[in-house]
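Chains A and B, in that order, are what the protein sequence lines are. Quick note on my numbering: the first sequence kicks off at 1 and runs consecutively. Quick note on my numbering: the second sequence kicks off at 1001 and runs consecutively. Virtual Cβ for every residue (Gly too), placed ideally from N, Cα, C. These figures come from a predicted structure and were not determined experimentally. Report on one structure; see the data block that follows.
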Amino acid sequence: MRKIMVTLKRVVDYNVRVRVKPDGSGMATEGLKMSVNPFDEIALEEALRLRERGEASEIVAVAIGGDECQQQLRTGLAMGADRAVLVKADSEVQPLAAAGILLEIAKKEKPDIVIMGKQAIDDDCNQTGQMLATLWDRPQATFASEVRLDGGTARVTREVDAGLETIEVELPAVITTDLRLNEPRYIKLPDIMKARSKPLETLAVGELGLPAVPSLKSVGYEPPAQREKGELVENVAALVGKLRERGLVT
Amino acid sequence: MSRILVVAEHDGVSLHSGAARVVSCGLAIGAESLDVAVMGQDCNAIARQAGSIAGVSRVLCLDREENARPLAAVQAPQLAALAQQGYSHLLGPSTTFGKDLMPRVAALLGVPQVSDIMSVESGRRFKRPIYAGNAVLTVEAPADHIVVATARLASWPAASEGSEAAIEAIAVDAELPAHSRWLELKTAETERPDLQSAGVVVSGGRALGSADNFSMLYSLADRMGAAVGASRAAVDAGYVSNDMQVGQTGKIIAPELYFAIGISGAIQHLTGIKDAGVIVAINKDPEAPIFEVADISLVGDLFSIVPELQAALEDS
Ligand SMILES: Cc1cc2nc3c(=O)[nH]c(=O)nc-3n(C[C@H](O)[C@H](O)[C@H](O)COP(=O)(O)OP(=O)(O)OC[C@H]3O[C@@H](n4cnc5c(N)ncnc54)[C@H](O)[C@@H]3O)c2cc1C
């Protein structure tokens, strides 16, 4: 039976507006509500549905970061993951380094499918899944809106700029999720209780013995240029007048 | 000075309009030379289009059967091999094509990737949006390594046309995997302009209420030669297809004129239209966040306003 690995990144909740620290040294995230990256939640939901359809038997959720990431792993366990692994890292882990860490976990866990969010809503990089697939020397199916398994292959429909593209990849493979793949379930109270007794293993990133990889230096943060609030028009005639004034419509 | 390689996106028939924008980004880096790589099958016509972009030194054609359809796993090893021929920068578009492919190349080369370059501070320093555009981060790529990056198309003007760069057919030595197969592409057939390059875009949100009601926006768009876009809520509800979504996880666009009709203006939507010239918002809720960024705001019911607007435009 297939085994699925999913990744859960801890990020500022998507409903919270994050601001740049006044000195430009970073983002003011202290005290903000933290959640599982929404795309990763979709990844886990897809894994759960595959298991419920009898197409997978085991789901392991992986996070990289500080001890506080246990919260997101517990959320994943409450949603229905069987086990969780936290790779403890104190400093920022960029996509290339994260892919290197996930590769080590994948070598150990030997999943048939790794499902990840297509991007994390903090750094918005959209890289880690592709990089893991590359280092693992396996196929990737990014931006998935539909996943169908058939023996040793996955048929994945992808949301691309031109429409919907379908590719077929041999397993093991990395799949990254887009928004319309599914709608994640709500967690029920008894599930939270049950999750407490599920296994959550931690290991220090140092134990993996990985060499340092080149990384980007964050030089500074700034707020985006603001658009100025414009003018209110009373009716359609006034709107059309303004547009004509600016030569935008004929 | 830098030797830049730009990877061109195309659909097998013509060059993607983003290529000229990625070239602009490359030129901003200060290019000693700027080559464009076209991967495809029988891609001479596309190569000629690429060669006509001002500032392009050479077009390198990787013409082979395996490149007939874009598969990142197949194209990445070729691009990585090519990039190692003395290039300092490898740039692609921040489209689903580039987002799929470039991290794979970066990982093969063992370097980090800079996603969504908005501006170039120096050959290694770039600005990019994070947190759905709530902040701009300046990053510096490590010295002594090739820079792999995607350019945020809406931040760059299209480089002009009219050149005629040399086209060279080249072959690279790369082992291509057989584990991925391309099956099909379903596109919504439309005669309307492309959302990513249209000068005018009319977008509708959840308030449209049905796929049928979107026809109001199609007629309005056709009157103005506009493309039609949508919020995520409208796509999720099935009113329109996914390729029409504008925003953080859809298309980032910069038309001269943008209509947000029955769209509340969530941050994830706004990040897709920050660079639009003039934003017109039509919403019945005077408190809707879209009005904070709109240049021209009209409060009212779209179901009466849109037909009135159509009539007013027809009148002239
Ligand atoms: C990870 C993530 C990524 C996302 N990415 C995107 C993205 O790329 N693009 C995107 O758009 N969203 C995205 N979203 C969703 C976003 O948060 C909003 O939910 C979405 O944009 C809302 O769409 P809407 O404005 O159409 O709907 P609503 O927020 O429901 O707004 C409808 C608006 O219509 C107005 N209205 C209702 N009836 C009428 C009427 N008769 N006449 C005039 N006005 C009327 C209402 O006042 C309201 O302001 C993302 C969310 C998440 C979590």
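Practice prompt. Determine which residues share a DSSP beta bridge with Lys1251 of chain B and list them.
Written response: As a working note, residue 1251 of chain B is residue 251 in the second sequence. Lys1251 of chain B is bridged to B:Val1246.
Practice prompt. Look at Val160 of chain A and Thr1096 of chain B and say whether their C-beta atoms are less than 7 Å apart.
Written response: Start at 1 with the first residue of the first sequence, and residue 160 of chain A comes out as number 160. Start at 1 with the first residue of the second sequence, and residue 1096 of chain B comes out as number 96. One thing to note: Val160 of chain A has its Cβ within 7 Å of the Cβ of Thr1096 of chain B.
Fill in: Among B:Val1007, B:Val1202, B:Ala1019, the one whose alpha carbon lies nearest that of Glu1161 of chain B
Start at 1 with the first residue of the second sequence, and residue 1161 of chain B comes out as number 161. Ranking the options by Cα distance to Glu1161 of chain B, first place goes to B:Ala1019.
Worksheet item: Does any C-beta atom of chain A lie closer than 7 Å to the C-beta of Trp966 of chain B?
Response: What is shown of chain B runs 1001 to 1316, which leaves residue 966 of chain B out entirely.
Item to complete: List the endpoints of the continuous alpha helix (DSSP H) containing Glu183 of chain A.
Response: Locating residue 183 of chain A in the first sequence gives position 183, where the first residue counts as 1. Where Glu183 of chain A is concerned, there is no enclosing alpha helix (DSSP H), given that its DSSP letter is neither H nor E.
Discussion item. Between the segment 102 to 122 of chain A and the segment 1 to 20 of chain A, can you find at least three pairs of beta-carbon atoms closer than 8 Å?
Written reply: yes
Worksheet item: Looking only at its own chain, which residues have a Cβ that is under 6 Å from the Cβ of Ala133 of chain A, when we skip the five neighbours before and after it?
Response: Residue mapping note: residue 133 of chain A aligns to position 133 of the first sequence, counting from 1. Result list for Ala133 of chain A: Gln140, Val174, in chain order.
Worksheet item: Who are the neighbours of Asn126 of chain A on chain B, taking C-beta pairs under 8 Å?
Response: Residue 126 of chain A sits at position 126 when you count from the first residue of the first sequence. Under the 8 Å cutoff, chain B gives Lys1099, Pro1103, Ser1115.
Worksheet entry | Members of the segment 236 to 247 of chain A near chain B, C-beta cut-off 7 Å | Val236, Ala237, Leu239, Val240, Lys242, Arg246
Practice prompt. Go ahead and label Val1013 of chain B buried or exposed: buried means 16 or more other beta carbons lie within 10 angstroms of its beta carbon, across all protein chains shown.
Written response: Position 13 of the second sequence, counting from 1, holds the residue named residue 1013 of chain B. Exposed, because fewer than 16 other Cβ atoms sit within 10 Å of the Cβ of Val1013 of chain B.
Worksheet item: When the Cα atoms are used, what is the spatial distance from Leu960 of chain B to Asp1011 of chain B?
Response: Since the first residue of chain B shown is 1001 and the last is 1316, residue 960 of chain B is not available in this structure.
Worksheet item: Can you name, in chain order, every residue of its own chain whose Cβ lies under 7 Å from the Cβ of Glu257 of chain A, other than the five neighbours on each side?
Response: Nothing about residue 257 of chain A can be read from this structure; chain A reaches only from 1 to 250.
Discussion item. On the criterion of 16 or more Cβ atoms from any shown chain inside 10 Å, does Arg17 of chain A qualify as buried, or is it exposed?
Written reply: Here residue 17 of chain A is taken as the residue at index 17 of the first sequence, counted from 1. By the 10 Å Cβ count, Arg17 of chain A comes out exposed.
Worksheet item: Does the Cβ of Ser197 of chain A have 16 or more other Cβ atoms within 10 Å, making it buried, or fewer, making it exposed?
Response: By 1-based counting over the first sequence, the position of residue 197 of chain A is 197. So Ser197 of chain A counts as exposed.
Fill in: Below-7 Å beta-carbon distance, Met131 of chain A vs any chain B residue
For the purposes of this step, residue 131 of chain A is taken as the residue at position 131 of the first sequence. Met131 of chain A belongs to the set of residues whose beta carbon lies under 7 Å from a beta carbon in chain B.
Worksheet item: Where does Cys1061 of chain B sit, in a helix, a strand or coil, going by DSSP?
Response: Along the second sequence, one-based indexing puts residue 1061 of chain B at 61. Looking at Cys1061 of chain B - three-state DSSP - the assignment turns out to be strand.
Discussion item. Quick check: is any heavy atom of ligand 1 less than 6 Å from the C-beta of Asn126 of chain A?
Written reply: Indexing the first sequence from 1 puts residue 126 of chain A at position 126. For ligand 1, not one heavy atom lies less than 6 Å from the Cβ of Asn126 of chain A.
Practice prompt. Take Gln1245 of chain B and list the residues in its own chain whose beta-carbon comes closer than 7 Å to its own, dropping the five residues that flank it on each side.
Written response: The residue labelled residue 1245 of chain B in the question sits at position 245 within the second sequence. Cβ neighbours of Gln1245 of chain B beyond the five flanking positions: Ala1230, Arg1232, Val1235, Lys1251.
Worksheet item: Unbroken beta strand (DSSP E) runs of length 3 or more, entirely within the segment 1134 to 1190 of chain B: which are they?
Response: 1135 to 1140, 1147 to 1151, 1166 to 1169, 1180 to 1186
Worksheet item: Apart from the five residues just before and just after Leu1071 of chain B, which ones in its own chain have a Cβ nearer than 6 Å to its Cβ?
Response: In the second sequence, counting from the first residue as 1, residue 1071 of chain B sits at position 71. Excluding residues within five positions, the ones whose Cβ falls inside 6 Å are Ser1180, Trp1182.
Worksheet item: Any C-beta of chain B sitting closer than 7 Å to the C-beta of Lys229 of chain A?
Response: Taking the first residue of the first sequence as position 1, residue 229 of chain A is located at position 229. With 7 Å as the cut-off, Lys229 of chain A counts as an interface residue toward chain B.
Worksheet entry | Identified DSSP bridge partners for Ser218 of chain A | For the purposes of this step, residue 218 of chain A is taken as residue 218 along the first sequence, with counting starting at 1. In DSSP, Ser218 of chain A forms a bridge with B:Val1139.
Worksheet item: Is it the case that the Cβ atoms of Val1074 of chain B and Leu1220 of chain B are separated by a distance below 7 Å?
Response: What you label residue 1074 of chain B is simply residue 74 of the second sequence in a count that begins at 1. What you label residue 1220 of chain B is simply residue 220 of the second sequence in a count that begins at 1. No.
Worksheet item: Should the segment 1280 to 1290 of chain B be called in touch with the segment 1143 to 1158 of chain B, which here means at least 3 C-beta pairs below 8 Å?
Response: no
Item to complete: With a threshold of 16 other CB atoms inside 10 Å of the CB of Asn37 of chain A, please say whether the residue is buried or exposed.
Response: As a first step, residue 37 of chain A must be located in the first sequence, where it is residue number 37. By the neighbour-count rule (16 or more Cβ atoms within 10 Å), Asn37 of chain A is buried.
Discussion item. By DSSP's criteria, Ile1130 of chain B is part of a beta bridge. Which residues make up the other side?
Written reply: Translated into the one-based positions of the second sequence, residue 1130 of chain B becomes position 130. Answer is B:Ala1135, bridged to Ile1130 of chain B.
Worksheet item: Quick one: does Val233 of chain A have its CB under 7 Å from some CB of chain B?
Response: Looking up residue 233 of chain A in the first sequence gives position 233. Yes, because at least one Cβ of chain B sits closer than 7 Å to the Cβ of Val233 of chain A.
Discussion item. Does the segment 85 to 97 of chain A come into contact with the segment 1095 to 1115 of chain B, if we say contact requires no fewer than three beta-carbon pairs (one atom in each stretch) closer than 8 Å?
Written reply: yes
Discussion item. Could you check whether the Cβ of Ala1260 of chain B sits closer than 6 Å to any heavy atom belonging to ligand 1?
Written reply: Residue 1260 of chain B sits at position 260 when you count from the first residue of the second sequence. Ala1260 of chain B Cβ: outside cutoff for every heavy atom of ligand 1.
Worksheet item: Using DSSP with H/G/I as helix, E/B as strand and the rest coil, what is Val1306 of chain B?
Response: Residue 1306 of chain B sits at position 306 when you count from the first residue of the second sequence. Looking at Val1306 of chain B - three-state DSSP - the assignment turns out to be helix.
Worksheet item: Can you list the residues of chain B that Pro139 of chain A reaches, using a CB-CB cut of under 8 Å?
Response: The residue labelled residue 139 of chain A in the question sits at position 139 within the first sequence. Here the neighbours are Ala1073, Pro1177, His1179, Ser1180.
Item to complete: May I ask which residues mark the beginning and end of the alpha helix (DSSP H) holding Pro1093 of chain B?
Response: Within the second sequence, residue 1093 of chain B is the residue found at index 93, counting from 1. Careful: Pro1093 of chain B lies outside any alpha helix (DSSP H), inside the beta strand (DSSP E) at 1089 to 1093.
Fill in: For Arg1048 of chain B and Ala1076 of chain B, believed in contact at Cβ under 8 Å, the rounded distance
In the second sequence, counting from the first residue as 1, residue 1076 of chain B sits at position 76. In the second sequence, counting from the first residue as 1, residue 1048 of chain B sits at position 48. At roughly 25 Å, the Cβ-Cβ gap does not stay under 8 Å, so Ala1076 of chain B and Arg1048 of chain B are not in contact.
Item to complete: Give the residues of chain A in contact with Pro1193 of chain B, contact being defined as C-beta atoms less than 7 Å apart.
Response: As a working note, residue 1193 of chain B is residue 193 in the second sequence. Correct list: empty, because the minimum Cβ distance to chain A is about 14 Å.
Worksheet item: Within the 7 Å Cβ cut-off, does Leu103 of chain A reach chain B?
Response: Translated into the one-based positions of the first sequence, residue 103 of chain A becomes position 103. Taking Cβ atoms only, chain B never reaches closer than 7 Å to Leu103 of chain A, which makes this a no.
Worksheet item: Does ligand 1 have a heavy atom nearer than 6 Å to the CB of Asp1329 of chain B?
Response: This structure cannot speak to residue 1329 of chain B, because chain B is shown only from 1001 to 1316.
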